[in-house]
Ligand code: RB5
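In the working numbering, the protein residues as written are 444 to 590.
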């Protein structure tokens, strides 16, 4: 199951991504927003991040105007590794090396065609593990410290 949400700034791209998910056989859960009425990205980032953290959803997709607000907010949830991606290499390698569990996209920055390619490679690519797992453990340890 893939969790997806946007704020008003990412609403149109969220619709295109949902169409892509449905056409490609992915099950998804849409956490909103449901219109272009102004809203707060943190509420939607939190909902998707908690769904991924709990295991209800395997991965998440968050869209706002830049993708930045969503990534800042989602990364406040322990166990979440949310990556803002605007290029193919980053979307692929954040899975291979960072085991990112949420991809963040900016509707006002990244065109729809590229955004769908980024989602596609993000969802298809497996984590490499090995030395990269040790690095992720260090991030997890940081979450337990009062930094
Ligand atoms: C909303 O205007 C915009 O600030 C939001 O979508 C996002 O870009 C924030 O990071």
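All C-beta atoms in this analysis are idealised placements derived from N, C-alpha and C, irrespective of residue type, glycine included.
Quick one: using the 10 Å Cβ neighbour count with 16 as the cut-off for buried, is residue 505 buried or exposed?
buried
For residue 471: DSSP bridge partner residues:
445
Following the continuous alpha helix (DSSP H) through residue 512, name the residue where it begins and the one where it ends.
511–517
Residue from 451, 515 and 555 whose Cα sits closest to the Cα of residue 463
555
Between residue 447 and residue 574, what straight-line distance do the alpha-carbon atoms span, to the nearest angstrom?
30 angstroms
Given the structure, does residue 511 come close to ligand 1, in the sense that its CB is under 6 angstroms from one of the ligand's heavy atoms?
yes
Can you give the beta carbon distance from residue 531 to residue 513, rounded, assuming they're within the 8 angstroms contact cut?
Contact doesn't hold; Cβ gap of about 20 angstroms is too wide.
N-terminal and C-terminal residue of the alpha helix (DSSP H) that residue 491 is part of
484–497
Which same chain residues, not among the five before or five after residue 541, have their C-beta less than 6 angstroms away from its C-beta?
524
For residue 550 and residue 453, the rounded distance between their alpha carbons
5 angstroms
Does residue 545 come within less than 7 angstroms of chain D when only Cβ atoms are used?
Considering every chain present, this structure includes no chain D. It has just one protein chain.
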